[in-house]
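Heads up: the structure comes next, in structure tokens.
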Amino acid sequence: MKQLLITILLTCLSFAVFAHGGEDHGTAKKTAAGSTKYFSSEALSDKYEVLIKYGELEALKESVMQLFLSDARTNRAIDSASITIKILNHPGLKPTLVKLDAGTYQVKAAFPANEMYDLQVTIDSKLGPDLLQVSNIEIGKKLETLAEAEHHHWYNSPWLWAFIGLIGGLLIMYLLMRNRSRKVAATAMIIALLIPTAPMNPTMAHEGEDHGGSTTKGSGLSSAFIVEKESQFLFDILTEKTGAGSFYQSSELLGTVTASPQGLAVIQAPQTGKIVNLRVTPGQTVAKGQTLAIVEQQVEAGTQLD
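Residue numbers 233 to 538, in the numbering used here, belong to the letters of the sequence shown in order.
See the structure below:
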């Protein structure tokens, strides 16, 4: 009976050691990361920045795009502007423009073919008139996505690793049941516990498992980040041209100055004397140069004569 319990225990241990290679903790698919969500084209001058965003567009259908107009120097959305859009080499196409918000417009047009187009944008606002060309508006192009591929190999089969675990468990059981080979059995057990619990494929490593964490491929850090144009307009993210300037070791702050309850303010007059007239009261707001009190000078007679 004792030997039977040991056999069952070792068999279960062998499954725990070897059967982790084909286990799935969620989804076995690699999640596509970094997929393209939209296309964009932009044009920049010394006055304006024009950004056009669009998704998958098809010819002979109404195409809807977003146009963002901002100050090239400050990135501030331009609220009032007169905008005219023409499609180069296609004078018969007349896009319609609808204002959605400050600096945000909707452009609608029907393109005749799946090809690349250039837009000519004429702008007039308080910054002055200007003409920009937004190139490479691609009609008919599909958004690029990373293919989700499952890698199925014969050596990743859970049944194979279960069979290897069973054979390994029987072998360890056989060695432990021999009194003369306990050291060998202990060594075999240690080696079995040191075997990795996943197939040693250097190209896959741990990427096939999903433990509920991030699905983004790779963990490299970057100093760059993307802020959508809509968010820039919403949170007033502005830019300023860098250059040489003066640095003042002071800051201008707006707020209320409140005296400490245990604080003590000492006001001293340039001459010693007696206060004959007090023109302020405790808690009163005072200004620079205001007379707070009149002090009568107290000096001896000799000093007064001098």
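Glycine included, each C-beta is placed from N, C-alpha and C at the ideal position.
It should be emphasised that the depicted structure is a prediction, and the values quoted were computed from it without experimental measurement.
The beta carbon of Gln503 lies closer than 6 Å to those of Gln529 in the same chain, with the five residues before and after it left out. Ala291 sits in coil when the DSSP states are folded into three classes, being neither helix nor strand. In this structure the region 326-338 does not touch the region 365-378; the number of beta carbon pairs closer than 8 Å is below three. Taking 8 Å as the cut-off, the Cβ atoms of Ser314 and Ile371 do not count as close.
Minimum Cα-Cα distance from Ala304 among the listed residues Gly335, Ile319 and Val498 corresponds to Gly335.
In the three-state reduction of the DSSP assignment, Thr535 falls in the helix class.
Between Asp362 and Lys279, the C-beta spacing is below 8 Å.
Around Asn346, the same chain offers Ala291, Ile371 and Gly372 as residues with beta carbons nearer than 6 Å, after the five sequence neighbours per side are excluded.
Cβ contact annotation for Asn307 (same chain, cutoff 8 Å, sequence separation greater than five): Glu281, Gln464, Ile469, Leu470 and Thr471, in chain order.
The three-state secondary structure of Pro361, taken from DSSP, is strand.
The Cβ atoms of Ser277 and Leu364 sit closer than 8 Å to each other. Taking a 10 Å sphere around the C-beta of Lys358, we find fewer than 16 other C-beta atoms and assign the residue as exposed. According to the DSSP assignment, Leu466 belongs to the alpha helix (DSSP H) that extends over Lys461 to Leu466.
Around the beta carbon of Phe467, a 10 Å sphere encloses fewer than 16 other beta carbons of the protein chains shown; the residue is thus reported as exposed.
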